[in-house]
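What follows is a set of notes on a single structure, which appears directly below.
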């Protein structure tokens with residue numbers, strides 16, 4: 002009577018399982034999962050924030066080196082990082098999930114468990130979404146809503162000439178992790194540490210709130226596409242230039258070790274590798290040291306001074322450790338799959354990550 | 002110096018084009034495209050609504066029978082329909098777009114032009130998103146935000162025993178269109194009309210607002226997965242059963258003609274075919290006729306009475322034209338790709354549509 006194969010997800014059953022686990026309403030919610038849209042009361046005196054970030058199998062991850070649960074966790078984290086970059090507090094997520102027909106329901110639920118677990122760690126919850134068959138690879142897109150008091154909104158625009166450029170944490174680890182993920186035979190004891198940077202980035206929400214409440218930050222964004230690309234975005238939005246000192250770019254010991262094993266320059270990983278999800282921001286020189294100390298004291302996260310904001314006509318400049326100052330290449334574009342040699346993962350060609358906000 | 006091929010999209014250029022065209026802020030907007038998240042002031046006295054619907058190449062469309070612009074239009078329309086189903090007014094859309102590396106930038110912009118054009122027709126605009134490389138087919142996911150006065154919120158729950166079941170417009174046209182799209186050699190002069198039903202569904206926002214303001218509607222949703230599946234959802238949410246009279250299901254002449262050319266039963270297309278995006282709702286018998294007349298007078302859209310709400314223990318029942326009353330099959334699941342024979346489009350196997358809200 003029942004011709005269905007034992008393997009492969011079935012829509013109604015999967016949706017019933019999703020509702021059973023994640024239907025609980027939170028503060029302000031009027032409707033969550035299960036109707037044509039979610040409905041909630043907005044919070045008085047707050048701006049609404051919405052961000053949207055997608056990850057695709059074969060582009061952002063490969064199941065050769067990560068699990069569905071890790072994919073879900075990361076899909077939440079990258080969006081949480083975007084809300085952090087506005088100074089916001091996350092509330093509700095909407096998840097669009099495309100699954101090949103043979104996907105096990107267990108795997109889909111694991112992805113959502115990773116996602117909702119990461120949301121819950123930061124006070125947010127699943128409020129809606131769409132689950133669809135894919136004719137190709139897996140796909141997950143998350144739209145995350147949150148709030149911020151209007152006076153604490155952090156934007157990319159607003160950097161001023163003479164400002165100091167700062168960054169939280171350390172850079173290049175995720176890029177080292179991605180390079181090692183693609184080369185499973187490279188042996189280094191840094192593998193675990195840099196893979197964690199790739200798979201479980203820590204959204205800097207607490208750090209961002211300290212910065213937002215200080216009222217001292219002029220411009221801020223999260224470093225998702227590498228320091229060079231994101232600094233350029235900040236400078237374009239603020240209509241300024243900037244100078245970065247290479248020897249001040251914070252690199253973790255594991256990143257240096259992984260880069261050595263890979264035969265790569267760790268600085269290049271930090272400058273052009275993506276997915277570190279640290280906060281890049283500017284403040285006046287009078288306040289920079291106090292801000293950095295405040296973030297460290299309240300969150301345990303170190304903050305480094307990288308350089309300074311210049312007039313727009315100076316463009317982007319990099320000071321090498323030997324003192325040479327160079328202009329960064331015009332038209333430089335991170336992650337363009339047609340400019341870098343594609344890598345092989347498990348016999349399949351994996352496009353380089355090519356992602357950004359419109 | 003420049004090794005880039007002439008074909009294929011490039012991230013920075015595409016994003017610059019998107020911002021140039023669609024960055025204008027609307028009422029209440031604080032930030033739109035170009036920062037880590039959009040920011041806006043919520044509207045006093047209104048509930049926020051958020052819905053999310055995705056379409057995939059090879060599942061929901063094939064470029065053999067539609068253009069990027071039509072895909073964009075439809076991606077907007079299906080989400081607008083979900084907001085209509087809450088009684089809401091759409092405001093801002095966030096679009097996640099996955100593009101194979103060889104995609105022409107022109108095609109991506111055409112998709113977004115179709116999408117933003119359809120949004121603009123209904124008072125909404127693009128406010129953010131993400132553009133990413135795909136290692137497989139195209140993918141587009143839209144998250145749409147809107148508002149509704151709390152007292153006018155329409156939900157799936159609330160149908161009462163004795164209510165009349167009504168539907169706007171006509172059913173089965175989109176399913177006939179999909180069947181004809183997959184069989185380009187079938188000749189019928191209904192092809193154009195049913196393809197339009199498939200590609201350019203009309204979100205019933207005006208009709209829904211008439212219904213929401215009346216205060217007379219007990220339960221409502223949009224028919225995205227076929228009458229049978231969506232009636233079941235309404236009944237499950239309301240904990241009731243229902244009886245539908247087959248001879249009252251509204252079928253357009255073009256749908257009958259297309260079904261004839263395909264050798265299919267037009268009623269089956271209406272019951273189990275999806276994507277009609279009409280509104281299915283219930284009201285007490287005392288108000289049903291006046292509601293139907295009101296919608297017709299204010300919007301030009303006819304409304305049909307299909308049947309009545311029964312106690313939950315009666316389940317779903319269908320009265321055939323000859324008077325036979327049958328219980329609809331238990332466990333019936335629309336669009337399960339493993340229960341229907343896959344169709345061939347341009348030599349590629351196209352999974353049947355398998356989509357629903359969690």
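Residue numbers (my numbering), protein chains in the order written: chain H, 2 to 359; chain G, 2 to 359.
For every residue, glycine included, the Cβ atom is placed at its ideal position computed from N, Cα and C.
On a predicted model such as this, the values are computed, not experimentally measured, just so you know.
Helix, strand or coil for residue i, going by three-state DSSP, please let me know.
{"i": "residue 40(G)", "result": "strand"}
{"i": "residue 122(H)", "result": "helix"}
{"i": "residue 252(H)", "result": "coil"}
{"i": "residue 241(H)", "result": "coil"}
{"i": "residue 18(G)", "result": "helix"}
{"i": "residue 62(G)", "result": "strand"}
{"i": "residue 311(G)", "result": "strand"}
{"i": "residue 155(G)", "result": "coil"}
{"i": "residue 2(G)", "result": "The predicted model places residue 2(G) with a pLDDT of 34, which falls under 50 and marks its position as unreliable; any figure quoted below should be read in that light. Looking at residue 2(G) - three-state DSSP - the assignment turns out to be coil, as it is neither helix nor strand."}
{"i": "residue 23(H)", "result": "helix"}
{"i": "residue 205(H)", "result": "coil"}
{"i": "residue 104(H)", "result": "coil"}
{"i": "residue 162(G)", "result": "coil"}
Per DSSP, residue i forms a beta bridge with which residues?
{"i": "residue 141(G)", "result": "56(G), 98(G)"}
{"i": "residue 150(H)", "result": "47(H)"}
{"i": "residue 282(G)", "result": "167(G), 221(G)"}
{"i": "residue 91(H)", "result": "147(H)"}
{"i": "residue 318(H)", "result": "244(H), 328(H)"}
{"i": "residue 305(G)", "result": "168(G)"}
{"i": "residue 30(G)", "result": "41(G)"}
{"i": "residue 235(G)", "result": "For residue 235(G), which the question treats as bridged, DSSP gives no partner whatsoever."}
{"i": "residue 127(H)", "result": "94(H)"}
Quick one: list the residues of chain H neighbouring residue i, beta-carbon separation under 7 Å, in chain order.
{"i": "residue 52(G)", "result": "37, 38, 129"}
{"i": "residue 107(G)", "result": "Within 7 Å Cβ-Cβ: nothing; residue 107(G) doesn't reach chain H, min ~16 Å."}
{"i": "residue 164(G)", "result": "In chain order: nothing, as chain H lies at least about 18 Å away."}
By the 10 Å Cβ neighbour count, where 16 or more other Cβ atoms means buried, how is residue i classified, buried or exposed?
{"i": "residue 248(G)", "result": "exposed"}
{"i": "residue 332(G)", "result": "Because residue 332(G) sits at a pLDDT of 32, beneath the cut-off of 50, its placement in the model cannot be relied upon, and the following sentence gives the value as read from the coordinates. Under this definition residue 332(G) is an exposed residue."}
{"i": "residue 253(H)", "result": "buried"}
{"i": "residue 82(H)", "result": "buried"}
{"i": "residue 321(H)", "result": "exposed"}
{"i": "residue 91(G)", "result": "buried"}
{"i": "residue 231(G)", "result": "buried"}
{"i": "residue 326(H)", "result": "exposed"}
{"i": "residue 264(H)", "result": "exposed"}
{"i": "residue 304(G)", "result": "buried"}
{"i": "residue 227(G)", "result": "buried"}
{"i": "residue 266(G)", "result": "exposed"}
{"i": "residue 131(G)", "result": "buried"}
{"i": "residue 312(G)", "result": "exposed"}
{"i": "residue 178(H)", "result": "buried"}
{"i": "residue 328(G)", "result": "exposed"}
{"i": "residue 204(G)", "result": "buried"}
{"i": "residue 190(H)", "result": "exposed"}
{"i": "residue 185(G)", "result": "exposed"}
Given that residue i touches chain G, what residues does it touch there, using C-beta distances under 7 Å?
{"i": "residue 41(H)", "result": "48, 49"}
{"i": "residue 146(H)", "result": "51"}
{"i": "residue 99(H)", "result": "55, 57, 140"}
{"i": "residue 95(H)", "result": "51, 53, 144"}
{"i": "residue 223(H)", "result": "37"}
{"i": "residue 157(H)", "result": "36"}
Run down chain G in chain order and give the residues with a C-beta less than 9 Å from the C-beta of residue i.
{"i": "residue 58(H)", "result": "136, 137"}
{"i": "residue 110(H)", "result": "By Cβ distance, chain G contributes nothing, its closest Cβ being about 11 Å from residue 110(H), past 9 Å."}
{"i": "residue 238(H)", "result": "35, 36"}
Is residue i near the ligand GDP - that is, is its Cβ less than 7 Å away from at least one heavy atom of it?
{"i": "residue 206(G)", "result": "No copy of the ligand GDP occurs in the structure displayed, which carries no ligand at all."}
Using a C-beta to C-beta distance shorter than 8 Å, which residues of chain G count as neighbours of residue i?
{"i": "residue 31(H)", "result": "48, 151, 154"}
{"i": "residue 89(H)", "result": "38"}
Taking Cβ-Cβ distances shorter than 8 Å, what residues in chain H pair up with residue i?
{"i": "residue 84(G)", "result": "37, 38"}
**Asked** Contact between the region 208 to 228 of chain H and the region 146 to 156 of chain H: three or more CB pairs below 8 Å?
**Response** yes
**Asked** Would you call the region 77 to 97 of chain H and the region 36 to 53 of chain G in contact, with 3 or more CB pairs under 8 Å?
**Response** yes
**Prompt:** Any chance the region 201 to 215 of chain G sits against the region 288 to 302 of chain G, with 3 or more Cβ pairs inside 8 Å?
**Reply:** yes
**Asked** Touching or not, the region 160 to 175 of chain H and the region 271 to 285 of chain H, by the rule of three or more beta carbon pairs under 8 Å?
**Response** yes
**Asked** Just checking, does the region 40 to 49 of chain G make contact with the region 41 to 50 of chain H on the three C-beta pairs under 8 Å criterion?
**Response** yes
**Prompt:** Three or more C-beta pairs closer than 8 Å, one from the region 107 to 126 of chain H and one from the region 10 to 30 of chain H: is that the case here?
**Reply:** yes
**Message:** Check whether the region 200 to 214 of chain H and the region 60 to 78 of chain H are in contact - that is, three or more C-beta pairs closer than 8 Å.
**Reply:** yes
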